[in-house]
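S.K.: Sharing a structure here in structure tokens format.
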Amino acid sequence: MAGLYVHIPFCKKRCRYCDFFSTTLLERRKEYIAALLKEIKLRREEAGEPIQTVYLGGGTPSTLETADIQRILEAVGCKDATEVTMELNPGDATPAYLQAIKAVGINRLSIGIQSFQDELLQLIGRRHDAEQAIKAVQMAQEAGFDNISIDLMYALPTQTMAQWKADIETALQLKIQHISSYGLIYEEGTALTRSVEQGELKAVDEEMENAMYDYLCERLKQAGFVHYEVSNFALPSREAQHNSRYWDGTPYIGVGAGSHSYLPPVRSWNPSDLDAYINGITSGTLQRESETLTEEELFDEQVMLGLRTNRGVSAELLQGRAQRHIESGLLRLTKDSRIVATQQGIHILNRIIEDLML
């Protein structure tokens, strides 16, 4: 069964590290939603099978009114969906809003916390503070949400190991079901990258970043979380169903400006431009780009995505190509003939994957 990703590009404020397609032109939400609903109507049968998972991402989907979220879900026709996730900024959380989005069909939240340290939140340009972050989770639980993920970031400028350990403990105390955690990447053109390039901030060194990641993995393992993808941890059976599609290579459709779709072996994407998207949908001339993956590219995708997960890839697929990495302790062969990355291997996973690609 297929998954559907819905891109909501609106943000009240742009974070200093983010290079995702987004806009602060909130006044254009209504015309965007109108175009989005039209695209959903045109494409919801494209997968040729029922929609099982829905993910509202962004941007900041919680900038939308509940009525618009309801209209989107009704257009999708997701009555058979087992997981309907929505990203939420803690600054948008109120008891009434959380109750309302749950009532219209959202059954999983992904809350963009990033840190529980006010000084770090200010540094990276988030519009919420630590108190709002904690309260957002608590309000969501009181509203009846029992499948909650939070995002945490590490290797932030000035971040100490003590702060990182405190963030993880705070997250665990909140009794959430899922944690997505990412080391900061300095994307070209972002405000945070410019600050580092100009010498205003100093990036955390690789040794500290690796130490933070290793502590994260060990502490969450102690707390009963399954490390099922390089950056994702879940309590047993609470893995993100929708995001797992990206790593398993199963079909998904993306709607909205800048969204991507994958119906093997074809990958396609919408323009990352608000005007081009709205005008294209309205006039029936949307210029979606696409590519058909070759057998070699499909192999490379399997290796690249599979080795990010705890399932790894089949030994048969690699046909002995991974042997030297197994001997060096970077990969390991499981009892059921799967090849997975070790903790040591994860630190240089991109290099290993590059070596194994055709």
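With the sequence shown counted from 1, adding 1248 to any position gets you my numbering. Every residue, glycine too, gets a C-beta built ideally from N, C-alpha and C. Predicted model only: the values in this text are computed from it and were never measured.
1) Look up TYR1463 in the DSSP assignment and say whether it is helix, strand or coil.
2) I believe ILE1607 touches ALA1250 by the beta-carbon criterion, under 8 Å. Please report the beta-carbon distance rounded to the nearest angstrom.
3) Measure the alpha-carbon distance for THR1542 versus ASP1415 and round it to whole angstroms.
4) Between which two residues does the beta strand (DSSP E) carrying GLU1448 extend?
5) When the Cα atoms are used, what is the spatial distance from SER1516 to ALA1410?
6) Since VAL1551 contacts ARG1586 with CB under 8 Å, what's their CB separation in whole angstroms?
7) With 16 other CB atoms within 10 Å as the buried threshold, where does ASN1598 fall?
8) Do you know how far the Cα of ILE1427 is from the Cα of PRO1257?
9) For LEU1290, which residues from the same chain have a beta carbon less than 7 Å from its beta carbon, with the 5 sequence-adjacent residues on both sides left out?
10) Considering only C-alpha positions, which residue in the set GLY1431, ILE1529, GLU1545, ARG1559 is nearest to VAL1474?
11) In angstroms with no decimal places, state the Cα-to-Cα distance between ARG1536 and GLN1567.
12) Do you know whose CA, among ALA1381, GLU1575, ILE1594, lies nearest GLY1554's CA?
13) Tell me, please, which residues DSSP counts as bridged to TYR1402.
14) In the DSSP assignment, what are the bridge partners of GLU1331?
15) Should ASP1316 be labelled buried (16 or more other beta-carbon atoms within 10 Å of its own) or exposed?
16) Looking only at C-alpha atoms, which of ARG1356, GLU1287, VAL1385 sits nearest to ASN1395?
17) Using only CA atoms, which one of THR1540, ARG1486, GLU1455, LEU1440 lies nearest to LEU1449?
18) Taking the beta carbon of PRO1309 as the centre, do at least 16 other beta carbons fall within 10 Å, making it buried, or is it exposed?
19) Please list the terminal residues of the continuous alpha helix (DSSP H) segment that includes GLY1593.
20) TYR1253 and SER1492 look like a contact to me (Cβ under 8 Å); what is the Cβ gap, rounded to whole Å?
21) Can you say whether GLN1365 is buried or exposed, counting buried as having 16 or more other CB atoms within 10 angstroms of its CB?
22) Please list the terminal residues of the continuous alpha helix (DSSP H) segment that includes THR1530.
23) Could you check where the alpha helix (DSSP H) with HIS1573 kicks off and where it finishes?
24) Report the residue ranges of all alpha helix (DSSP H) runs contained in full by the region 1476-1547; include only those spanning at least 4 residues, in chain order.
25) By the DSSP assignment, the beta strand (DSSP E) with VAL1452 in it spans what residues?
26) My assumption, with CB atoms under 8 Å, is that GLY1577 sits in contact with THR1590. Please give the rounded CB distance.
27) With DSSP as the reference, label VAL1352 as helix, strand or coil.
28) Looking only at its own chain, which residues have a Cβ that is under 8 Å from the Cβ of GLY1472, when we skip the five neighbours before and after it?
M.R.: This is what the structure gives:
1) As a working note, residue 1463 is residue 215 in the sequence shown. The answer is helix: DSSP assigns TYR1463 an H, G or I state.
2) Only positions 1249 to 1606 of the chain appear in this structure, which leaves residue 1607 out of reach.
3) Locating residue 1542 in the sequence shown gives position 294, counting from the first residue. Locating residue 1415 in the sequence shown gives position 167, counting from the first residue. Here the alpha carbons of ASP1415 and THR1542 stand approximately 43 Å from one another.
4) Taking the first residue of the sequence shown as position 1, residue 1448 is located at position 200. It is not in any beta strand (DSSP E) - GLU1448 carries neither H nor E in the DSSP assignment.
5) Locating residue 1516 in the sequence shown gives position 268, where the first residue counts as 1. Locating residue 1410 in the sequence shown gives position 162, where the first residue counts as 1. Cα to Cα, the separation comes out at about 43 Å.
6) Counting from 1 along the sequence shown, the entry for residue 1551 is found at position 303. Counting from 1 along the sequence shown, the entry for residue 1586 is found at position 338. Actually they are not in contact, since the Cβ atoms of VAL1551 and ARG1586 sit about 13 Å apart, beyond 8 Å.
7) The residue labelled residue 1598 in the question sits at position 350 within the sequence shown. Answer is exposed; the Cβ neighbour count stays below 16.
8) For the purposes of this step, residue 1257 is taken as residue 9 along the sequence shown, with counting starting at 1. For the purposes of this step, residue 1427 is taken as residue 179 along the sequence shown, with counting starting at 1. In a straight line, the C-alpha of PRO1257 is about 23 Å away from that of ILE1427.
9) Position 42 of the sequence shown, counted from the first residue, corresponds to residue 1290. Close CB contacts of LEU1290 within its chain, under the 7 Å cut and outside five residues either way in sequence, are absent.
10) As a working note, residue 1474 is residue 226 in the sequence shown. Measuring from the Cα of VAL1474, the nearest candidate turns out to be ARG1559.
11) Mapped onto the sequence shown, residue 1536 falls at position 288. Mapped onto the sequence shown, residue 1567 falls at position 319. Looking at the two C-alpha atoms, the distance is approximately 37 Å.
12) Numbered from 1 along the sequence shown, position 306 holds the residue referred to as residue 1554. Residue ILE1594 is the option with its Cα nearest to GLY1554.
13) Looking up residue 1402 in the sequence shown gives position 154. DSSP, once it has assigned bridges, lists GLY1431 as partnering TYR1402.
14) Locating residue 1331 in the sequence shown gives position 83, counting from the first residue. According to DSSP, which records beta bridges pairwise, GLU1331 is partnered with THR1301.
15) Counting from 1 along the sequence shown, the entry for residue 1316 is found at position 68. Label assigned to ASP1316: buried.
16) Within the sequence shown, residue 1395 is the residue found at index 147, counting from 1. Comparing Cα positions, the closest option is ARG1356.
17) Taking the first residue of the sequence shown as position 1, residue 1449 is located at position 201. When THR1540, ARG1486, GLU1455, LEU1440 are compared, the shortest CA-CA separation from LEU1449 is found for LEU1440.
18) Numbered from 1 along the sequence shown, position 61 holds the residue referred to as residue 1309. With 16 or more Cβ atoms within 10 Å of its Cβ, PRO1309 is classed as buried.
19) Sequence index remark: in the sequence shown, residue 1593 carries index 345 (1-based). Taken as a continuous stretch (DSSP letters only), the alpha helix (DSSP H) holding GLY1593 covers 1591-1595.
20) The residue given as residue 1253 occupies position 5 in the sequence shown. The residue given as residue 1492 occupies position 244 in the sequence shown. Going by Cβ atoms, the distance from TYR1253 to SER1492 rounds to 13 Å, so no, they are not a contact pair.
21) Numbered from its first residue, the sequence shown carries residue 1365 at position 117. Buried: at least 16 other Cβ atoms inside 10 Å.
22) As a position in the sequence shown, residue 1530 is number 282, starting the count at 1. For THR1530, the uninterrupted alpha helix (DSSP H) segment begins and ends at 1522-1531.
23) On the sequence shown, position 325 is the one that residue 1573 refers to. For HIS1573, the enclosing alpha helix (DSSP H) begins and ends at 1571-1575.
24) Listed in chain order, they are 1489-1496, 1522-1531.
25) On the sequence shown, residue 1452 is found 204 positions in, with the first residue counted as 1. For VAL1452, there is no enclosing beta strand (DSSP E), as DSSP gives it neither H nor E.
26) For this step, residue 1577 is matched to residue 329 along the sequence shown. For this step, residue 1590 is matched to residue 342 along the sequence shown. About 6 Å; that satisfies the 8 Å criterion.
27) The residue given as residue 1352 occupies position 104 in the sequence shown. Note: VAL1352 maps to coil in three-state DSSP.
28) As a first step, residue 1472 must be located in the sequence shown, where it is residue number 224. Excluding sequence neighbours, GLY1472 sits near LEU1483, PRO1484.
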